[in-house]
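Residue numbers for the sequence shown follow this note's numbering, beginning at 15 and rising by one. The beta carbon of each residue, even a glycine, is placed where N, CA and C say it ideally should be. Following: one structure in structure tokens, then a few remarks.
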Amino acid sequence: MLTLTVVATKGGVGKTTLSANLGGLLRDLGLRVLLVDADVQPSLSKYFVLSHLAPAGLTKLVTDGFLSDDCISSVQLPADGSPFKDVEKYPFAPALHLIRSDTREGNLQDWLSQRLDRLVRISMALNDPGVDASYDVVIIDTQGALGHLQDAAVNAADILITPATPDVVSAREFIEGTVKLIDRHEAAANMGFKIPSMKAVINRTENTRDSRSMSELIREAFLTMRGRVSVMQTAIHSAVAFRKAATAQVPVHWIDPGRASDAMHQLLWELIPSLEGRYAPNHRDFGVPLGTSATSAEDAPSTSHQ
């Protein structure tokens with residue numbers, strides 16, 4: 015099982031959109047995906063229509079320290095009344111599950127602040143053998159601010175995905191916020207905690223020049239960020255398709271099987287190289303039947319947890 019945490023120290027950079035679309039694409043490639051909404055503003059919890067709304071969610075997961083069935087909601091794709099005509103192309107797609115955020119009042123942050131084990135509350139729950147046997151990929155969406163809940167989500171990750179928007183002000187904020195995040199987690203190094211690999215994604219770019227300039231600024235700060243952050247080759251362009259997908263509550267590759275789908279496939283292949291060459295069923299280059307080997311030991315992503 016591979017755990018991806020989407021993290022940023024400011025809001026509005028597209029964390030939730032990225033989390034939802036990666037989860038939806040992985041699901042359509044035949045992988046078993048668990049989405050975890052660890053943001054006090056439950057945007058990911060509202061992105062998809064739910065066929066099953068679990069009575070509990072993130073609060074119980076964190077306070078219990080394990081994942082129980084009453085925390086797991088199920089995403090409905092497509093939703094009732096959906097206009098999509100290609101549903102029959104997804105006969106093998108497994109369930110997409112969600113741990114919804116239910117902590118808007120800040121009670122969970124307060125609870126974590128009193129716990130010496132606050133860094134491991136999410137990883138402890140996800141490292142259970144039963145969770146590992148049930149899912150191929152876990153994607154954790156986080157709040158756009160430093161805090162105990164974000165710290166726990168970072169510590170649970172195998173890979174950190176850090177979206178950044180392509181302008182000079184955002185680049186400086188990205189670098190400053192990332193350095194603060196690194197400082198927080200390097201302070202726990204004496205207790206055996208390590209910062210996962212961090213991959214910056216240039217998000218909502220209007221053109222390749224913006225993306226290139228942003229990448230150069232981040233690379234110039236490589237030493238400042240202790241060599242922790244690498245910039246992904248794939249940039250996500252600003253596109254109406256992403257807004258349409260959010261409105262329709264579906265993954266963007268359902269709305270735009272062309273450019274947006276290409277970008278999401280390329281991004282996913284960079285993150286999980288073993289999936290390169292696998293396509294969603296509505297992609298023009300689709301040629302690998304779903305359900306054949308997507309979750310086999312050979313193809314399924316596997317990374318040992320800390």
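| request: From the DSSP output, in three-state form, read off residue 81 for me. | output: Position 67 of the sequence shown, counted from the start, is the residue given in the question as residue 81. In the structure shown, residue 81 sits in coil (DSSP, three-state: anything other than H, G, I, E or B).
| said: Counting C-beta neighbours from all protein chains within 10 Å, is the total for residue 162 16 or more, i.e. buried, or is it exposed? | reply: Walking along the sequence shown from the start, residue 162 turns up at place 148. Its Cβ being crowded by 16 or more others within 10 Å, residue 162 is buried.
| task | State the Cα-Cα distance for the pair residue 145 and residue 185, rounded to the nearest angstrom. | result | Against the sequence shown, residue 145 aligns to sequence position 131. Against the sequence shown, residue 185 aligns to sequence position 171. Computed Cα separation, rounded: 36 Å.
| Same chain, Cβ closer than 6 Å to residue 61, neighbours up to 5 away in sequence not counted | Indexing the sequence shown from 1 puts residue 61 at position 47. Same-chain partners within the cutoff: 34.
| field | Distance, residue 118 Cα to residue 55 Cα | value | Here the question's residue 55 lines up with position 41 in the sequence shown. Here the question's residue 118 lines up with position 104 in the sequence shown. Their backbone Cα atoms lie some 6 Å apart in a straight line.
| said: Quick check: the Cα distance between residue 235 and residue 277, rounded to an integer number of angstroms? | reply: If you number the sequence shown from 1, residue 235 lands on position 221. If you number the sequence shown from 1, residue 277 lands on position 263. Cα-Cα distance, rounded: 26 Å.
| Residue interval of the beta strand (DSSP E) (run including residue 52) | Taking the first residue of the sequence shown as position 1, residue 52 is located at position 38. Its beta strand (DSSP E) spans residues 47-52.
| message | Closer than 8 Å is the cut-off here; do at least three beta carbon pairs connect the stretch 228-247 with the stretch 189-207? | response | yes
| Helix, strand or coil: which one does DSSP assign to residue 30? | If you number the sequence shown from 1, residue 30 lands on position 16. Note: residue 30 maps to helix in three-state DSSP.
| message | Taking the beta carbon of residue 174 as the centre, do at least 16 other beta carbons fall within 10 Å, making it buried, or is it exposed? | response | Locating residue 174 in the sequence shown gives position 160, counting from the first residue. Looking at its Cβ environment, which holds 16 or more other Cβ atoms inside 10 Å, residue 174 is buried.
| Between the C-alpha atoms of residue 128 and residue 274, what's the straight-line distance to the nearest angstrom? | For the purposes of this step, residue 128 is identified with residue 114 of the sequence shown, where counting begins at 1. For the purposes of this step, residue 274 is identified with residue 260 of the sequence shown, where counting begins at 1. Residue 128 and residue 274: Cα-Cα distance of roughly 43 Å.
| Contacting residues, own chain, Cβ-Cβ under 7 Å from residue 187 (five flanking each side not counted) | Counting from one through the sequence shown, the residue named residue 187 turns up at place 173. So the list reads 24, once near-sequence residues are dropped.
| said: To the nearest angstrom, how far is the alpha carbon of residue 32 from that of residue 20? | reply: As a working mapping, residue 32 is identified with position 18 in the sequence shown. As a working mapping, residue 20 is identified with position 6 in the sequence shown. Residue 32 and residue 20: Cα-Cα distance of roughly 8 Å.
| task | Could you have a look at residue 179 and say whether DSSP puts it in helix, strand or coil? | result | Reading the sequence shown from its first residue, position 165 is the one you call residue 179. Residue 179 falls in the coil class under three-state DSSP.
| query | Any beta-carbon of chain E closer than 8 Å to the one on residue 221? | reply | Looking for chain E here will not work: only one protein chain is present.
| Between the C-alpha atoms of residue 203 and residue 165, what's the straight-line distance to the nearest angstrom? | Mapped onto the sequence shown, residue 203 falls at position 189. Mapped onto the sequence shown, residue 165 falls at position 151. Whole-angstrom Cα-Cα distance: 13 Å.
| request: Please classify residue 186: does DSSP put it in a helix, a strand, or coil? | output: Here residue 186 corresponds to residue number 172 of the sequence shown, with the count starting at 1. Of the three classes helix, strand and coil, the one that applies to residue 186 here is helix, per DSSP.
| request: Return the CA-CA distance between residue 297 and residue 271, expressed in angstroms with no decimal places. | output: As a position in the sequence shown, residue 297 is number 283, starting the count at 1. As a position in the sequence shown, residue 271 is number 257, starting the count at 1. So the alpha carbons of these two residues sit roughly 5 Å apart.
| query | Thinking C-beta only, is residue 22 closer than 8 Å to residue 248? | reply | The count along the sequence shown starts at 1 and reaches residue 248 at position 234. The count along the sequence shown starts at 1 and reaches residue 22 at position 8. No.
| query | Under the rule that 16 or more other beta-carbon atoms within 10 Å means buried, what is residue 66, buried or exposed? | reply | Start at 1 with the first residue of the sequence shown, and residue 66 comes out as number 52. The residue in question, residue 66, is exposed, as its Cβ has fewer than 16 Cβ neighbours within 10 Å.
| query | Which residues does DSSP pair with residue 57 in a beta bridge? | reply | Indexing the sequence shown from 1 puts residue 57 at position 43. According to DSSP, residue 57 bridges with nothing at all.
| Cα-Cα separation, residue 251 to residue 85 | In the sequence shown, the residue the question calls residue 251 occupies position 237. In the sequence shown, the residue the question calls residue 85 occupies position 71. Each residue's alpha carbon lies about 34 Å from the other.
| message | Assuming residue 218 is part of the beta strand (DSSP E), what are its boundary residues? | response | One-based indexing of the sequence shown puts residue 218 at position 204. First-last of the beta strand (DSSP E) with residue 218: 211-219.
| task | Take residue 59 and list the residues in its own chain whose beta-carbon comes closer than 6 Å to its own, dropping the five residues that flank it on each side. | result | Along the sequence shown, read from residue 1 onward, the residue named residue 59 stands at position 45. Cβ within range, chain order: 51, 114, 115.
| For residue 112 versus residue 89, is the C-beta distance shorter than 8 Å? | The count along the sequence shown starts at 1 and reaches residue 112 at position 98. The count along the sequence shown starts at 1 and reaches residue 89 at position 75. Their beta carbons are under 8 Å apart, which means residue 112 touches residue 89 by this criterion.
| Coarse secondary structure for residue 279, derived from DSSP in three states | Translated into the one-based positions of the sequence shown, residue 279 becomes position 265. Helix at residue 279.
| task | Pull up the distance between the alpha-carbon of residue 256 and that of residue 178, whole angstroms please. | result | The count along the sequence shown starts at 1 and reaches residue 256 at position 242. The count along the sequence shown starts at 1 and reaches residue 178 at position 164. Approximately 16 Å, taken between the alpha carbons.
| query | Do you know offhand how far residue 38's Cα is from residue 219's? | reply | To locate residue 38, count along the sequence shown from 1; it is residue 24. To locate residue 219, count along the sequence shown from 1; it is residue 205. Looking at the two C-alpha atoms, the distance is approximately 22 Å.
| query | Run through DSSP, which three-state label would residue 111 get? | reply | Stepping through the sequence shown from its first residue, residue 111 is reached at position 97. It is a strand residue.
| Alpha carbon to alpha carbon, what distance is there between residue 139 and residue 147? | The sequence position of residue 147 within the sequence shown is 133, counting from 1. The sequence position of residue 139 within the sequence shown is 125, counting from 1. Each residue's alpha carbon lies about 13 Å from the other.
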